[in-house]
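> Have a look at the structure that comes next, please.
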Amino acid sequence: MDATPASGIDRRSFLGFVVAGTTLVAAADLLGSPAGAAPGVPQPAELYDLNDFLTEAATPTANLITVTVHDDGTASFELPRMEVGQGITTSTAMLIAEELELPVEKVRVTLADARPELLFNQLTGGSNTTISTYTPIRVAAAVAKGALLEAAAIQLGDTVESLRARAGVIQAPDGRSLTYAELARAAASRTTRPVRVRLKDPAEFRVVGVGHGRIDARDAVTGRKRFATDLRVPGALPTMVCRAPTLNGTPRRLRNKRTILAMPGVRDVALVDTGVAVRAETFGQCIEAIRAMDVAWADGPVAGLSDADIVEELRAAELPLPALPDTPLAQTVEVDVLFYFRSNSAMDTNAAIADVRADRATVWAGLKSPITAQARIAEALGLDQDAVTVHVVQGGGSFGRRLFFDGALEAAKISQAMGKPVKLMWHRADDARVGRGHPMATSRVRAVHAGGQVLAFQQSHTSVETDFRHGLGEIITARSADLPTGLGNLGFAETVFELTQEVPYDFGAITQTLTETDDRFNTGSMRNIYSPDVRTAGELAVDRLAEAMGQDPYEFRRAHLRNGRVRAVLDAVAEAGRWGRPMPTGTAQGIAIHKEYKGCSACLVEIDCRPEQTGRDIRDGVGGPRVTKAVFAVDVGLVLNPRGLEAQMQGGINDGIALALTSSMHLRDGHFLEASWDNYFYTRQWNTPPEVEVIVMPSDSGQPGGAGEAGVAATFAAVACAYARATGEVPAYFPVNHRDPLAFRVKPFVPPVPQSPTNGRKLAW
Amino acid sequence: MPRQTFVLNGRSVTVDVHDDVRVLWVLRDLLGVTGPKYGCGINVCKACTSHLNGRAFNPCSVRVGDLRPHDRVTTIEGLADTGEAAGADLHPMQQAWLDRDVAQCGYCQPGQIMAAVALVRKVRREGRSVTDADLDAIRNICRCGTYTRIREAIAQGERRM
Ligand code: FES
Ligand code: FES
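Chains S and F supply the protein sequences, listed in that same order.
Be aware that the first sequence starts at 1, since it is given in the working numbering, and climbs by one per residue.
Be aware that the second sequence starts at 766, since it is given in the working numbering, and climbs by one per residue.
Shown next as structure tokens:
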């Protein structure tokens with residue numbers, strides 16, 4: 001978003017509040033609407049994208065963001081967002097440190113409980129956190145600094161203008177000084193009053209833009225970092241669920257309840273809509289109980305169906321591509337790619353603690369949409385929304401999954417059914433098979449060229465429905481009237497598609513459309529929504545166009561890119577990755593770009609598809625082609641924390657490689673086969689490129705862009721292009737190993753969770 | 766109920782629990798030692814990696830009844846006290862993880878660090894140093910994809926161990 005100055009003249013002047021309190025509390029108040037550019041030519045996402053939309057939706061309540069300065073000289077801030085590893089607590093602490101003139105180490109950032117009054121401003125998604133909170137957080141911190149300076153001026157008998165704040169100390173010209181600790185109470189206000197502040201000129205930034213380690217790194221490496229299942233809530237004993245042998249099947253009856261209740265450690269069992277829950281002294285005893293359960297099940301909605309049935313359904317749902325321009329001598333290039341189901345299971349499985357009483361409930365969970373979760377949980381329990389307290393806990397990864405609250409809702413229902421507090425943890429087998437994933441999709445591209453010119457580029461994406469019922473849907477419903485170009489008439493999915501997808505090339509008449517079908521699967525976004533698949537099909541088509549027109553893939557892209565920033569990242573990877581260097585047969589380079597989130601990226605990879613690599617024998621894993629090198633350039637606009645940004649891109653590279661080469665879900669006979677990490681082949685050390693270089697582009701932009709998801713699309717596309725060049729064949733489906741013979745023995749569906757081995761002593765190394 | 770005794774992070778502990786409960790649950794659910802993480806329960810993700818008598822092991826796959834009173838179990842919480850830290854607050858491998866800013870969500874990292882330390886000890890026993898092939902063979906999964914920095918951190922940790 002564009003910063004919205006209160007004065008209309010000075011772009012760095014804003015209104016804020018000193019809020020009544022016993023210590024200094026400062027709040028940001030951003031009135032007026034941000035500048036949403038007028039929509040127009042040729043594609044909506046280019047001018048007004050999903051992030052403008054999310055930012056605009058967040059603006060009316062952004063004023064409730066507060067920074068508190070304590071009498072020990074530290075500052076604290078409750079971030080109304082969810083940290084799942086993407087580094088937003090660190091970048092937020094850096095922003096506050098910058099404006100408040102306090103060392104980063106003295107800024108504590110915690111996650112806010114669900115705050116329904118924030119309306120749309122508590123959704124962590126679309127890599128939008130930094131974009132939408134960048135200005136409000138700085139304003140609040142600047143208000144705090146201003147109040148400290150005023151208090152110091154009174155105590156030191158000097159004027160604010162002559163004082164200097166630095167590193168938590170305010171200094172007068174004569175050398176006298178006061179610390180923030182000494183001033184925190186004096187700067188407090190008995191009433192809430194508005195103040196005008198002027199933000200720092202970005203040219204003077206000392207903290208922002210300089211690489212900083214994560215503020216929770218020490219906790220992470222010492223084992224002190226707490227995730228939902230690490231919390232201790234009195235009485236909340238380990239709880240797990242026995243699930244149906246078909247996807248989303250439901251329990252009818254537990255036939256051996258007495259036997260189960262008599263098992264060692266078992267305390268309670270209860271039937272809920274998703275399965276049979278058991279509460280025991282340890283999770284190990286829950287697993288034993290689940291394995292012993294004799295349950296009558298009702299089949300789920302996809303019982304009997306397999307991959308091929310869903311592919312057929314997608315093909316039937318595909319709409320014809322638009323008519324081609326009627327040009328003599330025009331030639332057509334076509335790409336048609338199928339993307340299989342993929343899992344967004346994080347290392348930290350769906351988990352939540354719930355303590356439901358007759359008249360109130362408390363829930364602890366990693367949640368990216370806590371307000372929607374709170375509303376739905378209240379509804380399910382028959383309580384008022386304000387009788388449900390939702391504490392947001394850091395999550396061990398999300399990749400889209402924690403936009404939903406499947407674990408929290410289930411834990412609440414179980415706690416209500418048992419009448420006891422529960423600590424629910426999904427078994428990995430459930431998290432992998434029943435947890436959400438990225439829907440199966442096809443993407444068809446047709447491009448037309450004649451006389452050395454591309455005349456048309458058409459892309460039609462057809463997908464199993466992506467579930468947006470986690471709050472983003474509500475935002476779109478509530479704000480659809482405000483959308484440009486009549487987008488408001490489209491469904492959620494089409495709106496999101498229109499707001500995120502863009503072909504940044506000069507390719508004549510460009511169209512991109514989305515068709516969705518089938519809502520029976522557990523889906524959601526997965527480190528980006530449509531972009532990785534859409535971009536991969538698109539970039540494969542770009543390579544084919546270049547080939548058909550006798551041009552080099554890099555030069556061809558360069559010549560047709562409409563945008564200078566995209567051209568710059570493309571040039572950066574081509575140079576650093578030595579594009580075009582001779583490569584042995586069976587190996588190749590691939591290059592691709594992506595543009596989204598007010599930013600752009602490019603990736604160059606080298607892949608080795610020779611038998612030495614593909615024939616590697618790896619126990620409980622797959623080798624396959626090896627990406628031996630990845631060079632990635634990213635321009636997100638203003639960079640808050642280059643170290644964190646580099647980390648996010650490194651992670652995204654591994655996601656892109658997995659999507660292209662190894663990771664997918666096989667639907668067979670009504671359920672997914674993959675039940676753990678020895679079945680679902682996310683990138684491992686033996687797949688990761690030994691050589692990785694991330695280039696963070698310098699930017700003169702005053703506005704930051706999103707980063708959490710930005711690494712995936714260009715990498716997926718570059719690996720796909722490299723694979724096609726190395727093998728001489730454009731893959732018809734991804735990941736490329738999906739139709740190979742299964743590289744694992746399928747774990748049973750009854751019982752639904754595997755037994756833990758007992759031979760670990762022998763395997764110690 | 767049987768009484769189970771073993772040495773946990775330098776101290777002898779005794780717990781009343783059935784023999785066949787896996788050590789991971791004894792640590793996490795009964796003793797409140799939550800550094801070792803659950804990621805699969807079947808010895809494939811390696812998130813629970815800890816040390817048994819100084820070697821890497823996966824407590825999700827060992828019955829508590831198979832531990833003997835003198836067996837030394839070390840979790841990430843006890844790593845800095847193993848002597849290799851030479852009096853510092855952190856083990857050199859933990860310090861390397863901080864210096865490289867490896868962790869993203871952090872969930873897999875206690876297991877990664879414990880595996881890295883065991884790897885360096887193993888190659889030292891074999892009289893050699895860590896190779897690319899050793900790094901490729903590390904089985905600990907990181908769904909955030911921090912592999913590049915893990916490799917860099919192990920190189921630093923090995924030098925300082
Ligand atoms: S939980 Fe022990 S290896 Fe996965
Ligand atoms: S840091 Fe998140 S799983 Fe490894």
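For glycine and all other residues, C-beta sits at the position ideal for the given N, C-alpha and C.
Quantities reported herein were computed from a predicted structural model and do not represent experimental measurements.
1. Tell me the rounded alpha-carbon separation between ALA707 of chain S and ALA75 of chain S.
2. For the pair the region 513-530 of chain S and the region 399-406 of chain S, tell me if three or more CB-CB distances fall below 8 angstroms.
3. Can you give me, in chain order, the residues of the region 545-560 of chain S that have a beta carbon less than 9 angstroms from any beta carbon in chain F?
4. Which of the residues in the region 816-834 of chain F, read from start to end, lie with their CB under 8 angstroms from any CB of chain S?
5. Ligand 1 and LYS106 of chain S: does the residue's C-beta get closer than 7 angstroms to at least one heavy atom of that ligand?
6. Tell me the residue span of the alpha helix (DSSP H) that contains VAL19 of chain S.
7. Could you tell me if ALA38 of chain S is buried or exposed, where buried requires 16 or more neighbouring beta carbons within 10 angstroms of its beta carbon?
8. With a 10 Å radius around its C-beta and 16 neighbouring C-beta atoms as the bar for buried, classify TRP364 of chain S as buried or exposed.
9. How would you label SER676 of chain S, buried or exposed, when you count the other beta carbons within 10 angstroms and need 16 or more for buried?
10. I'd like to confirm something about TYR872 of chain F: is its beta-carbon nearer than 7 angstroms to some heavy atom of ligand 2, or not?
11. Between THR683 of chain S and GLY910 of chain F, how many whole angstroms is the CB-CB distance? I'm expecting something under 8 angstroms.
12. Could you tell me whether any non-hydrogen atom of ligand 1 is closer than 7 angstroms to the CB of TYR680 of chain S?
13. Let me know if GLY852 of chain F comes out buried or exposed under the rule of 16 or more other beta-carbons within 10 Å of its beta-carbon.
14. If contacts are defined as beta-carbon pairs under 8 angstroms, then LEU261 of chain S and VAL272 of chain S qualify, I think. What distance do you get, rounded to the angstrom?
15. Tell me which residue opens and which closes the alpha helix (DSSP H) that TRP686 of chain S is part of.
16. Check whether chain S comes within 8 angstroms of ASP794 of chain F, counting only Cβ atoms and requiring the distance to be less than that.
17. Ligand 1 and GLY804 of chain F: does any heavy atom of the ligand fall closer than 7 angstroms to the residue's C-beta?
18. If you reduce the DSSP assignment to three classes, tell me which class LYS762 of chain S lands in.
19. Does chain F have any CB closer than 8 angstroms to the CB of HIS438 of chain S?
20. Between the Cα of LYS257 of chain S and those of S:THR274, S:ALA236 and S:ARG291, spot the shortest distance and give me the residue it belongs to.
21. So with Cβ pairs under 8 angstroms, would you call ALA346 of chain S a contact of chain B?
22. With burial defined as no fewer than 16 other Cβ atoms inside 10 Å of the residue's Cβ, what is the status of HIS671 of chain S: buried or exposed?
23. Cutting at 7 angstroms between CB atoms, please list the residues of its own chain near GLY538 of chain S, excluding the five before and the five after it.
24. Please indicate yes or no: does the CB of MET347 of chain S lie closer than 7 angstroms to some heavy atom of ligand 2?
25. CB of ARG908 of chain F to nearest heavy atom of ligand 2: below 7 angstroms?
26. Would the region 395-402 of chain S and the region 80-92 of chain S be scored as touching if the rule is three or more Cβ pairs under 8 angstroms?
27. Under DSSP, the alpha helix (DSSP H) around PRO532 of chain S begins and ends at which residues?
28. Name the residues in the region 417-443 of chain S whose C-beta lies less than 8 angstroms from a C-beta of chain F; which are they?
29. Terminal residues of the continuous beta strand (DSSP E) containing LEU183 of chain S?
30. When the Cα atoms are used, what is the spatial distance from ARG626 of chain S to THR587 of chain S?
31. I need the straight-line Cα distance from PRO328 of chain S to LEU455 of chain S, nearest angstrom please.
32. For a cutoff of 8 angstroms on Cβ pairs, would you count ARG214 of chain S as touching chain F?
33. Please list, in chain order, the residues of the region 863-889 of chain F that have any C-beta partner in chain S closer than 7 angstroms.
34. Between which two residues does the beta strand (DSSP E) holding GLN773 of chain S run?
35. Quick one: what does DSSP say TYR554 of chain S is sitting in, helix, strand or coil?
36. Roughly how many whole angstroms lie between the Cα atoms of SER369 of chain S and PRO136 of chain S?
Let me spell this out:
1. 26 angstroms
2. yes
3. none
4. LEU817, ASN818, ARG820, ALA821, PHE822, ASN823, PRO824, CYS825, SER826, VAL827, ARG828 and ASP831
5. no
6. No alpha helix (DSSP H) contains VAL19 of chain S, which is instead part of the beta strand (DSSP E) from 13-19.
7. Residue placement at ALA38 of chain S is flagged as unreliable, the pLDDT there being 27, under the threshold of 50; a coordinate-derived value is accordingly withheld.
8. buried
9. buried
10. yes
11. 6 angstroms
12. no
13. exposed
14. With a Cβ gap of about 17 angstroms, LEU261 of chain S and VAL272 of chain S do not count as contacting.
15. Run containing TRP686 of chain S: none; DSSP gives neither H nor E here.
16. yes
17. yes
18. coil
19. no
20. S:ARG291
21. In the structure shown, chain B cannot be found, because the protein chains are S and F.
22. buried
23. VAL445, GLN459 and VAL503
24. yes
25. yes
26. yes
27. 531-548
28. MET425, HIS427 and ARG428
29. No beta strand (DSSP E) contains LEU183 of chain S, which is instead part of the alpha helix (DSSP H) from 180-183.
30. 9 angstroms
31. 12 angstroms
32. yes
33. LEU863, ASP866, ALA868, GLN869, CYS870, GLY871, TYR872, CYS873, GLN874, PRO875, ILE878, ALA883 and LYS887
34. Residue 773 of chain S is absent from the structure shown; chain S starts at 1 and stops at 765.
35. helix
36. 20 angstroms
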